[in-house]
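Position 262 of the sequence shown, counted from 1, bears residue number 264 in the numbering used here, the numbering being contiguous throughout. Okay, structure first, notes after.
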Amino acid sequence: MYRPETVREILYKSGEKFGDRCAFIFLDGDGRKIEISFRQLKSDVISLALALLREKGAPEKAAIISCNRYEWCVSYLACLSAGIVAVPVDRELSGEDIKDILDFAGVKTVLCDGKAKQKLSGERDFISFDEDEAGFCGLIRRGEALRKEGFTLENRIDPDALAVLLFTSGTTGNSKGVMLSNRNLCSDLYLVSENITLTSCDRSLSLLPLHHTYETIAFLMMLYCGGSIAFCGGIRYLSKSFQLFSPTVFVTVPLILEKLHERLMGEIEKKGLRQKLRLATLVSTAMSEEKKKRLFDDIHQFFGGRLRTFVVGAAPLQSSAAQDFEAFGFRVIIGYGLTECSPIVICNSINDTTPDTVGRPLKEVQVKIDAPDEKGVGEILVKGPMVMLGYYNNEKATNEVFRDGWFCTGDLGYADKSGRYRISGRCKNVIVTRNGKNIYPEELEYRLNKSPYISESLVFGEKGDIVSCEIVPDEEAIKSKLKKTVLSEEEAKALINEVVRAVNRHLPSYKRIKKVTVRRDGFDKTTTHKIKRKY
């Protein structure tokens, strides 16, 4: 595969090479399947880019705000092809928060859906995906007319200039504007593609929000390899989307994959096949991928029959879920990255998956552990061509995260003897006891969340050495365990406390959870399903 320098180069080469092959597939408002070819995609992007340059006065920046849809992708590609800085914004933010981002970034042009437009007001140039002549479709038609008049995209794209401005969701503190270049993005997708082999026969199912680099890089990788992208309308449509679109790749986060695993295990339990499944998974370890697929055909059919790879990131994944899916004949590729790194820097490969690690650094990525403790755990520092240009209009924050040319991730981890990395938690989250011991909340949460009776947990330090946690129970699992149709608060607390005591028995005394709060409502989360920490 060639090594691109700009996203426009990928668009042009894929448009020529893959022509009439399907690039996007989705349902329209009437529930009909719509397919868009690479040729049509290239045409739409060039037309929109020309219209933005000629009719809209070549804005310096343009925000993109909507759910995952074809128009979002065309807008993103058009901005990068025209040399306009794309500013993807989380559509779930309040109107006030979106306005603050647009004002801070100096954005006047907004490509968006109707819901996002309703949240905003003021003197901005709105290009609505849901309006015809006055909106997105009309602008593309006017761009097509410009092309017929002989206008072309002749402007040079500097691969090292600011191309995308992303505002981190920020599980703690205020978000910052991450500045990424074309070279950042293209370097990352090129290096990741060496670990995750994709071809023009592949199809990804797009569920995670496109304003995150994690899903954006997945969409760009499919464009690069000639595969297709199917849009899932939301998590409640996930099962239906697997059947409708038969993807081969699903990029997701641990919470979603664990829920899918729980659902499958629940169905198997109901049918009384748990023991039979366990025996089958033991036998399958020596089988080829094809034999595993035949053995677990029902599970493969649940995912549409063609799925072979889960790509997982953003948080630790329960090893039991990863191991089961591997036994069923799927590949589970776990990686590590940050928005500031476009985003992936460490990743398992298709032929070397280890469910309890995030794998090895990508080629051209240097990683070191800063100030390791007695167990080798320290802050992860990285260097590589995908590391951001800096934070927008925030020299102080930029200087704080760069040290002697190394980007300081703020994440804690270590490398094992084989050179594979394991993530321990966030520097800001670490609990330091009075005798100098470090406790990583993420490690304890991982242990707690292994229990089928715990839906979510949040561990934090309180009053010195007290390790506290808040837990959301899985009430249906507890009802099933206790053989009850109605669950009292006391019964839920009793079983949760039993789980915590079991976890504590395997921990050194200084790590043991001493205070437990059971809550019925879930935690507030970011759009990539990370819990927003308030402690």
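Glycine included, C-beta positions come from ideal geometry on N, C-alpha and C.
By a C-beta neighbour count over all protein chains shown, 10 Å radius and 16 as the cutoff for buried, is N401 buried or exposed? Numbered from 1 along the sequence shown, position 399 holds the residue referred to as residue 401. Label assigned to N401: exposed.
What residue does the beta strand (DSSP E) around R424 start on, and which one ends it? Reading the sequence shown from its first residue, position 422 is the one you call residue 424. Its beta strand (DSSP E) spans residues 423-428.
Would you kindly work out how many angstroms separate the C-alpha atoms of G172 and G152, rounded to a whole number? Numbered from its first residue, the sequence shown carries residue 172 at position 170. Numbered from its first residue, the sequence shown carries residue 152 at position 150. Legend: pLDDT at G172 = 44, less than 50; position of this residue unreliable, value from coordinates given subsequently. Approximately 45 Å, taken between the alpha carbons.
Classify T311 as buried or exposed, calling it buried when 16 or more other Cβ atoms lie within 10 Å of its own Cβ. Against the sequence shown, residue 311 aligns to sequence position 309. With 16 or more Cβ atoms within 10 Å of its Cβ, T311 is classed as buried.
Between the Cα of R10 and the Cα atoms of F40, I66, A84, S68, which residue gives the shortest distance? Stepping through the sequence shown from its first residue, residue 10 is reached at position 8. For the residues F40, I66, A84, S68, the minimum Cα distance to R10 belongs to A84.
Three-state secondary structure (DSSP) of P454: Within the sequence shown, the letter at position 452 stands for residue 454. If DSSP states are grouped into helix, strand and coil, P454 belongs with coil.
Take every Cβ of the stretch 14-28, pair it with every Cβ of the stretch 37-46, and state whether three or more of those distances are shorter than 8 Å. yes
Can you tell which of A147, A496, V112 has the C-alpha that lies nearest to the C-alpha of F131? On the sequence shown, position 129 is the one that residue 131 refers to. Answer by Cα proximity: V112.
Please work out which residues of its chain come closer than 6 Å, Cβ to Cβ, to S426, disregarding the five sequence neighbours upstream and downstream, and give them in chain order. Counted from its first residue, the sequence shown places residue 426 at position 424. The residues are V379, L414, G415, Y442.
Across the stretch 222-235 and the stretch 365-383, are there enough close Cβ pairs to call them in contact, namely three or more that are closer than 8 Å? no
To the nearest angstrom, how far is the alpha carbon of E146 from that of R34? Residue 146 sits at position 144 when you count from the first residue of the sequence shown. Residue 34 sits at position 32 when you count from the first residue of the sequence shown. Straight-line Cα distance between these residues: approximately 26 Å.
If contacts are defined as beta-carbon pairs under 8 Å, then G361 and I336 qualify, I think. What distance do you get, rounded to the angstrom? Indexing the sequence shown from 1 puts residue 361 at position 359. Indexing the sequence shown from 1 puts residue 336 at position 334. That belief holds up - the Cβ atoms of G361 and I336 are roughly 7 Å apart, short of 8 Å.
Identify, in the order they occur along the chain, each residue of the same chain with its Cβ nearer than 7 Å to the Cβ of T174, setting aside the five sequence neighbours on each side. Translated into positions along the sequence shown, residue 174 becomes position 172. Low local confidence applies: a pLDDT of 33 at T174 is under 50, so the model's placement there is unreliable, and no value is given.
With a threshold of 6 Å on Cβ separation, who are the neighbours of D476 within its own chain once the five nearest residues in sequence on each side are excluded? The residue labelled residue 476 in the question sits at position 474 within the sequence shown. If we look at D476 and ignore the five residues flanking it on each side, its Cβ neighbours are Y455, S457.
Is the Cβ-Cβ distance between K178 and D127 less than 8 Å? Taking the sequence shown and counting its residues from 1, one reaches residue 178 at position 176. Taking the sequence shown and counting its residues from 1, one reaches residue 127 at position 125. Cβ distance not < 8 Å, so K178 and D127 don't count as in contact.
Is the stretch 481-493 close to the stretch 466-473, with three or more CB pairs under 8 Å? no
Which listed residue (A220, A136, R276) has its alpha carbon closest to that of S195: Working through the sequence shown from its first residue, we reach residue 195 at position 193. Comparing Cα-Cα distances from S195 to each of A220, A136, R276, the minimum goes to A220.
Quickly, what does DSSP pair E464 with across the bridge? List them, please. The residue given as residue 464 occupies position 462 in the sequence shown. I468.
Close-in-space but distant-in-sequence residues of the same chain around A324 (CB under 6 Å, 5 per side omitted): Here residue 324 refers to the residue found at position 322 of the sequence shown. Closer than 6 Å at the Cβ level, and outside the excluded window around A324, lie V334, P357.
For S183, the three-state DSSP class (helix, strand or coil): Position 181 of the sequence shown, counting from 1, holds the residue named residue 183. Three-state DSSP puts S183 in a strand.
On the three-pair Cβ rule with 8 Å, is the stretch 183-202 touching the stretch 148-167? yes
In chain order, which continuous runs of the alpha helix (DSSP H) of length 4 or greater are located wholly inside the stretch 274-327? 276-286, 291-297, 299-304
Between D190 and M3, how many whole angstroms is the CB-CB distance? I'm expecting something under 8 Å. Here the question's residue 190 lines up with position 188 in the sequence shown. Here the question's residue 3 lines up with position 1 in the sequence shown. The Cβ separation is near 14 Å, so there is no contact.
Does the ligand COA have a heavy atom nearer than 7 Å to the CB of R428? Absence of the ligand COA from the depicted structure is noted, as is the absence of any ligand whatsoever, leaving it without description.
Compute the Euclidean distance between the alpha carbons of R41 and Q320, then round it to the nearest angstrom. Taking the sequence shown and counting its residues from 1, one reaches residue 41 at position 39. Taking the sequence shown and counting its residues from 1, one reaches residue 320 at position 318. In a straight line, the C-alpha of R41 is about 41 Å away from that of Q320.
Proximal residues to V556 (C-beta, below 7 Å), its chain only, five neighbours per side dropped: With the chain covering only 3 through 537, there is no way to say anything about residue 556.
Since I believe P363 is in contact with I348 (beta carbons under 8 Å), could you give me their beta-carbon distance rounded to a whole number of angstroms? What you label residue 348 is simply residue 346 of the sequence shown in a count that begins at 1. What you label residue 363 is simply residue 361 of the sequence shown in a count that begins at 1. About 5 Å; that satisfies the 8 Å criterion.
Where G236 and F247 are concerned, what is the direct C-alpha to C-alpha distance, given to the nearest angstrom? In the sequence shown, residue 236 corresponds to position 234, counting from 1. In the sequence shown, residue 247 corresponds to position 245, counting from 1. Cα-Cα distance, rounded: 14 Å.
Taking the DSSP output, what are the residues bridged to T111? For the purposes of this step, residue 111 is taken as residue 109 along the sequence shown, with counting starting at 1. Per DSSP, A64, D127.
Terminal residues of the continuous beta strand (DSSP E) containing Y416? Residue mapping note: residue 416 aligns to position 414 of the sequence shown, counting from 1. Element bounds for Y416: 408-417.
Leaving out five residues on either side along the sequence, give the residues of the same chain with a beta carbon under 8 Å from the beta carbon of L82. By one-based count along the sequence shown, residue 82 stands at place 80. Around L82: T8, V9, R10, A88, I159, A165, V166, N184.
Which residues share a DSSP beta bridge with A25? On the sequence shown, residue 25 is found 23 positions in, with the first residue counted as 1. None, per the DSSP bridge assignment.
Do you know how far the Cα of S511 is from the Cα of L374? The residue given as residue 374 occupies position 372 in the sequence shown. The residue given as residue 511 occupies position 509 in the sequence shown. Per the sequence shown, the amino acid found at residue 374 is Pro instead of Leu. Straight-line Cα distance between these residues: approximately 22 Å.
Quick one, are the C-beta atoms of L340 and T283 less than 8 Å apart? Counting from one through the sequence shown, the residue named residue 340 turns up at place 338. Counting from one through the sequence shown, the residue named residue 283 turns up at place 281. No, the Cβ-Cβ distance between L340 and T283 is not below 8 Å.
Going by DSSP, which residues form a beta bridge with S49? Here residue 49 is taken as the residue at index 47 of the sequence shown, counted from 1. None; S49 has no bridge partner.
Would a C-beta distance cut-off of 8 Å place L13 and L104 closer than the cut-off? Looking up residue 13 in the sequence shown gives position 11. Looking up residue 104 in the sequence shown gives position 102. Contact: no.
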